[in-house]
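K.L.:
Residues 172 to 258 (my numbering) make up the sequence shown, in order.
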Amino acid sequence: MEISEYYQGEKPTEILYLNKFTELTSMDDIKKIKSISTELGLEDIHLFNVCYNNRKILFVTMDKDEKNNWIRHISKQMIRPTVLVNE
172 MEISEYYQGE KPTEILYLNK FTELTSMDDI KKIKSISTEL GLEDIHLFNV CYNNRKILFV
232 TMDKDEKNNW IRHISKQMIR PTVLVNE
C-alpha cells in the first residue's frame, strides 16, 4: 500500500514505526499533530501525522490505544502559540 494513493493531504517526509520509543524529537517546532487513520478509511492501520516547521512525519503504531497515547503525550508537551507571553 502506498500512502499517497489514499492520503491526499500533506505528504510525509518520513514514515516511522513506533516500537518502544521513549523519546520522539524536539517539541519546539511542532505545528500540529493529527490522527489520520479514519481520514484514510483504514481500520487496521493506526496512523498519525506530526507536522513540524520543516518536515512532516507519519507515525504507524501497533494499535489504536498506542496511537491515542502517543497523540495525548505529544499534545501535552507542545507549546501552543496562544500561551506564549511576550515580556
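Glycine is no exception: its CB is placed at the ideal position from the N, C-alpha and C atoms.
Taking just the CA atoms, how far does F219 sit from M198?
P.N.:
On the sequence shown, position 27 is the one that residue 198 refers to. On the sequence shown, position 48 is the one that residue 219 refers to. Rounded to the nearest angstrom, the two C-alpha atoms are 16 Å apart.
K.L.:
To which residues of the same chain is D200 closer than 8 Å at the C-beta, ignoring the five residues directly before and after it?
P.N.:
Sequence index remark: in the sequence shown, residue 200 carries index 29 (1-based). Cβ neighbours of D200 beyond the five flanking positions: Y223, N224 and N225.
K.L.:
Per DSSP, what kind of secondary structure is L229 in: helix, strand or coil?
P.N.:
The sequence position of residue 229 within the sequence shown is 58, counting from 1. It is a strand residue.
K.L.:
I need the straight-line Cα distance from M233 to I207, nearest angstrom please.
P.N.:
Here residue 233 is taken as the residue at index 62 of the sequence shown, counted from 1. Here residue 207 is taken as the residue at index 36 of the sequence shown, counted from 1. So the two alpha carbons sit approximately 15 Å from each other.
K.L.:
By Cβ distance, which residues of its chain are closer than 8 Å to M249, with the 5 residues on each side in sequence left out?
P.N.:
Start at 1 with the first residue of the sequence shown, and residue 249 comes out as number 78. Cβ neighbours of M249 beyond the five flanking positions: M198, I201 and I204.
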